[in-house]
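If you count by this note's numbering, then the sequence shown holds residues 1215 to 1478, one letter each, in order. Positions of the beta carbon are idealized from the N, C-alpha and C atoms, including for glycine. Because the structure is a prediction, the values reported are computed rather than measured. Written out below as structure tokens is the structure these notes cover.
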Amino acid sequence: MWKGSYMMRVELITHTPEPEKVVATAAKLCYSSSDIASLREGLTEEKTKSFIERLVSIGHESPMEHVSFTFGIEGISRACSHQLVRHRIASYSQKSQRYVSESGFEFITPPSIEAVPEAKAEFDKQMDQLLECYNKIANILTNTHEKAFLEQGMSEKDALNKAKKKAYEDARFVLPNACETKIVVTMNVRTLFNFFQHRCCNRAQWEIKAVADEMLRLCKQAAPELFKNAGPSCVMKGKCPEGAMSCGKMVEVKKIYGEMNNVE
């Protein structure tokens, strides 16, 4: 059985073509009587960059909503995905535990557990026991449901397929938060700004922070001007909203995210 070495993977699947030009066009339209085609034609790379900088500096973020980014994320725990989907202005498609068997589920081991042999051994033991429990319950329910469906006159093939799906949806109740999941996420730029402010913060939970940092890195590659100042609140807003709970490392954090702009 897999023992926690599974690597998180974040892929930028697609994004709105010419994202920065789209944002600049939308914003410029608010202050111009020109037709949209003329606005686009007049937006050189230099003018687009200048306009984006001005929008970000004054906090005019509504034009950012016209541009979206879609990510494929895998190798994260259900605990992490539960935090991710709390960002409601977004679209999500996640691997279902109701329709997909978890008979050999992979799991995520927190670094703090991985680092302590005694804790790691106990964690792995519990994962093995939960896997065994899941499979036992799924098999019992499958047999029970299959028998009922056969008595209703279903064919053996249809009865078995329907029984398995019905069994999965209840057997999943024993699955742990550590269970690995995969999810496709689409967010517009304005939502991404908010997401990064919360989840790139040092006070964010370690796993979703790792996801957010990788998403930001990919965004910076695809649209460097749009995301040049994106990051935790201390980077994007210039101040920490955490008050007494601040990590106290604003200078260090700003340096880290500033250096990210230079990474290809």
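Q: Go ahead and label P1331 buried or exposed: buried means 16 or more other beta carbons lie within 10 angstroms of its beta carbon, across all protein chains shown.
A: In the sequence shown, residue 1331 corresponds to position 117, counting from 1. Burial call: exposed.
Q.
Please tell me whether Y1348 and A1293 are closer than 8 Å, where the distance is taken between their beta carbons.
A. Working through the sequence shown from its first residue, we reach residue 1348 at position 134. Working through the sequence shown from its first residue, we reach residue 1293 at position 79. Cβ distance not < 8 Å, so Y1348 and A1293 don't count as in contact.
(Q) Just to confirm the assignment, what range does the alpha helix (DSSP H) spanning N1408 have? (A) Along the sequence shown, one-based indexing puts residue 1408 at 194. It spans 1403 to 1413 - the alpha helix (DSSP H) in which N1408 sits, taken as one unbroken run.
(Q) Just to confirm the assignment, what range does the alpha helix (DSSP H) spanning F1265 have? (A) Taking the sequence shown and counting its residues from 1, the one referred to as residue 1265 is at position 51. For F1265, the uninterrupted alpha helix (DSSP H) segment begins and ends at 1259 to 1272.
Q: Pick out whichever of M1341, M1474, K1350 has its Cα sitting closest to the Cα of A1437.
A: Working through the sequence shown from its first residue, we reach residue 1437 at position 223. Comparing alpha-carbon positions, the option among M1341, M1474, K1350 lying closest to A1437 turns out to be M1474.
Q: Report yes if the C-beta distance between K1378 and T1356 is below 8 Å; otherwise report no.
A: Against the sequence shown, residue 1378 aligns to sequence position 164. Against the sequence shown, residue 1356 aligns to sequence position 142. Yes, the Cβ-Cβ distance between K1378 and T1356 is below 8 Å.
Q. Helix, strand or coil for C1393 per DSSP?
A. Along the sequence shown, read from residue 1 onward, the residue named residue 1393 stands at position 179. Taken through DSSP and simplified to helix, strand or coil, C1393 comes out as strand.
Q: Compare the beta carbon distance of L1432 and L1226 with 8 Å and say whether it is the shorter of the two.
A: For the purposes of this step, residue 1432 is identified with residue 218 of the sequence shown, where counting begins at 1. For the purposes of this step, residue 1226 is identified with residue 12 of the sequence shown, where counting begins at 1. Yes; because the gap between Cβ atoms is below 8 Å, this pair is in contact.
Q.
Can you tell me whether Q1311 is helix, strand or coil according to DSSP?
A. On the sequence shown, residue 1311 is found 97 positions in, with the first residue counted as 1. Looking at Q1311 - three-state DSSP - the assignment turns out to be coil, as it is neither helix nor strand.
Q) Taking C-alpha atoms, which residue in H1229, T1323, E1259 lies nearest to M1221? A) Here the question's residue 1221 lines up with position 7 in the sequence shown. Nearest option by C-alpha distance: T1323.
Q. Using 8 Å as the Cβ pair cut-off and three pairs as the minimum, do the segment 1230 to 1242 and the segment 1271 to 1279 touch?
A. Touching, per the Cβ criterion.
Q) What residue range is occupied by the uninterrupted alpha helix (DSSP H) comprising L1226? A) Here residue 1226 refers to the residue found at position 12 when the sequence shown is read from its first residue. Counting along the chain, L1226 falls outside any alpha helix (DSSP H), though it belongs to the beta strand (DSSP E) covering 1223 to 1229.
(Q) Rounded to the nearest angstrom, what separates E1421 and I1327 at their Cα positions? (A) Here the question's residue 1421 lines up with position 207 in the sequence shown. Here the question's residue 1327 lines up with position 113 in the sequence shown. Cα-Cα distance, rounded: 13 Å.
Q: Compute the Euclidean distance between the alpha carbons of K1423 and G1289, then round it to the nearest angstrom.
A: Counting from 1 along the sequence shown, the entry for residue 1423 is found at position 209. Counting from 1 along the sequence shown, the entry for residue 1289 is found at position 75. About 14 Å.
Q: With DSSP as the reference, label N1476 as helix, strand or coil.
A: Here residue 1476 refers to the residue found at position 262 of the sequence shown. In the three-state DSSP reduction, N1476 falls in the coil class, being neither helix nor strand.
Q.
Can you tell me where the alpha helix (DSSP H) holding E1288 begins and where it ends?
A. Start at 1 with the first residue of the sequence shown, and residue 1288 comes out as number 74. Per DSSP, E1288 lies in no alpha helix (DSSP H) segment; the continuous beta strand (DSSP E) that holds it begins and ends at 1282 to 1291.
Q) Can we say the segment 1439 to 1450 touches the segment 1460 to 1474, given the rule of at least three CB pairs closer than 8 Å? A) Two segments are said to touch when three or more pairs of C-beta atoms, one from each, lie closer than 8 Å; by this definition the segment 1439 to 1450 touches the segment 1460 to 1474.
(Q) Using the Cβ count rule (16 or more neighbours within 10 Å means buried), how would you classify S1291? (A) What you label residue 1291 is simply residue 77 of the sequence shown in a count that begins at 1. Its Cβ being crowded by 16 or more others within 10 Å, S1291 is buried.
Q | Residue burial classification, D1249 (beta-carbon count within 10 angstroms, cutoff 16) | A | Counted from its first residue, the sequence shown places residue 1249 at position 35. With a threshold of 16 other beta carbon atoms within 10 Å, D1249 falls short and is exposed.
Q: Please confirm whether V1403 and L1440 have their CB atoms less than 8 Å apart.
A: What you label residue 1403 is simply residue 189 of the sequence shown in a count that begins at 1. What you label residue 1440 is simply residue 226 of the sequence shown in a count that begins at 1. Against a cut-off of 8 Å, the Cβ pair of L1440 and V1403 comes out as a contact.
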